[in-house]
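Everything on this sheet refers to the single structure shown next.
Residue numbers (this note's numbering): 5 to 456.
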């Protein structure tokens, strides 16, 4: 009988999930919104007031990820050492202060500096949460837990688009600020407030949780420790290997491909919708544009949860990552060749669904062969290198728009990068097998790759 089912069974894991995952999702909602709300501010006055070209706007949007890259691995190792509760609270205060300060930028140079510092402040948050979930949930539940956590991305893009639009519209003139400045001010404050809640709400390990019985906490910790020990015995990945092995670099590029699509869509979808007036002769208010922006992400969020559950149920990981990336990569460049706003949004929605479906199952891949400190370093390295796309996607997309006068070329690049990442995921398989060869998590078939 499955050891995860006795003596407490699924009920205990669900108890932990109900306590932790909604709150972690709330934190990520605030985090992701503060990261991408510049996309709503750009066409709402920021670009005009600060005299930003499309290239400069893309650079200001993407410079966040350079600071993010520099401190990602050290931050996650610090979280592993000092505990998630303390470290996540520290990150949130830092990013909240800087996110709020963006409301007062006087020029493009200060905007770029603050966006860079925002990346420095946020470094370690997302991989820290992914690592934290491995402290609480075994592999069989992990993709769906990550999915429920990451559903904050489409929610923040959906609700956040509407909320940001309303703040821009109704906040214009409040405190003497332009509407886009008021939006930054309001949306930065929740991170500061939630930092104090985090300090008291989160628990580092099951055995420390007062809301579990001592027997439940010990049983959960024993299950997780046994799984972690088995992973370490099978794969023998120390920290140094996790930071230098080409399989980790390969997974980082897979993630790069998917996140390239995510951030290109996140930063430029509001501009694409604003361009419907010129392209199709349709006019939408700023609130209507926010609601239209929300549609692809709502659909993506729903699909994400069901796709991750299917991946957990079947145990298959590779095609649950690659297939939605391929579908999304094919759909996105087609969008701007279609003949109506509705058709464009159908293609964009398919892309958003593909991107969202690939994300949670991807993070089940490294945890199949990384544990402990190696997991802290490896997950952070994958996330940091993959998130270079957060700089590259808006900068390249904006640069190609300035160069060609159209968004079409940039979106062809988005599709190509996503498909390349999907093909690499298929080539890598799920985990290294014996003698370093790639192994599919479901079938155990060796790929013949050398990962040593």
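Note that CB positions come from ideal geometry on N, CA and C, so glycine has one too.
All of these numbers come straight from a predicted model, not from anything done at the bench.
Between the alpha carbons of residue 120 and residue 143 lies a distance of about 35 Å. In this model, residue 138 and residue 102 are separated by some 29 Å (Cα to Cα). Spanning the alpha carbons of residue 28 and residue 15 requires a straight line of approximately 20 Å. Put simply, of 72, 25, 57, 433 the residue whose alpha carbon is nearest the alpha carbon of residue 254 is 433. Ranking 329, 115, 50 by CA distance to the CA of residue 68 puts 115 first. The beta carbons of residue 333 and residue 324 sit no closer together than 8 Å.
Taking a contact to require three or more Cβ pairs closer than 8 Å, the stretch 47 to 60 and the stretch 394 to 405 qualify as touching. When rounded, the separation of the alpha-carbon atoms in residue 169 and residue 248 is 43 Å. Between the alpha carbons of residue 298 and residue 395 lies a gap of roughly 23 Å.
Cβ neighbours of residue 390 within its own chain (closer than 6 Å, five residues either side excluded): 256, 259, 260, 263. The three-state secondary structure of residue 367, taken from DSSP, is coil. In the structure shown, residue 55 falls within a coil segment according to DSSP collapsed to helix, strand and coil. Residue state for residue 409 is assigned as coil, using DSSP reduced to three classes. Secondary structure of residue 99 (DSSP, three-state): helix. The shortest CA-to-CA distance from residue 331 to any of 317, 245, 345, 356 is the one to 356. In this structure, the alpha-carbon of residue 413 lies about 28 Å from that of residue 291. For the pair residue 378 and residue 321, the CB atoms are not nearer than the 8 Å cut-off. With respect to the 8 Å criterion, residue 188 and residue 45 are classified as neighbours on the basis of their beta carbons. Contact between residue 364 and residue 147 holds, with the beta-carbon distance rounding to 5 Å and staying under 8 Å. Its Cα nearest to that of residue 183, the residue 52 stands out among 52, 65, 228, 339. Distances from the alpha-carbon of residue 308 to those of 155, 415, 426, 166 put 155 closest. The Cβ atoms of residue 33 and residue 133 lie no closer than 8 Å to each other. Its chain contains 208 as the residues whose beta carbon lies nearer than 6 Å to that of residue 87, once the 5 sequence neighbours on both sides are disregarded; these appear in chain order.
Boundaries cannot be given for residue 320, as no alpha helix (DSSP H) includes it and DSSP labels it neither H nor E.
If you look at residue 26, you'll find it in the alpha helix (DSSP H) that goes 14 to 40. If one requires a minimum length of 4 residues, the alpha helix (DSSP H) runs lying completely within the stretch 95 to 177 are 112 to 126, 129 to 138, 143 to 154, 156 to 174, in chain order.
At least 8 Å separates the beta-carbon of residue 386 from that of residue 135.
When 126, 91, 94, 349 are compared, the shortest CA-CA separation from residue 70 is found for 126. Counting along the chain, the unbroken alpha helix (DSSP H) around residue 184 starts and ends at 183 to 205. The criterion of a C-beta distance shorter than 8 Å is not satisfied by residue 415 and residue 359. Exclusion of the five residues before and after residue 430 leaves 322, 323, 326 as the residues of its chain whose Cβ lies within less than 8 Å of its Cβ.
Taking a cut-off of 8 Å for Cβ pairs, the stretch 75 to 89 and the stretch 189 to 208 touch, as three or more such pairs fall below it. Per DSSP, the unbroken alpha helix (DSSP H) holding residue 82 starts and ends at 68 to 86.
Around the C-beta of residue 140, 16 or more other C-beta atoms lie within 10 Å, and the residue is accordingly described as buried.
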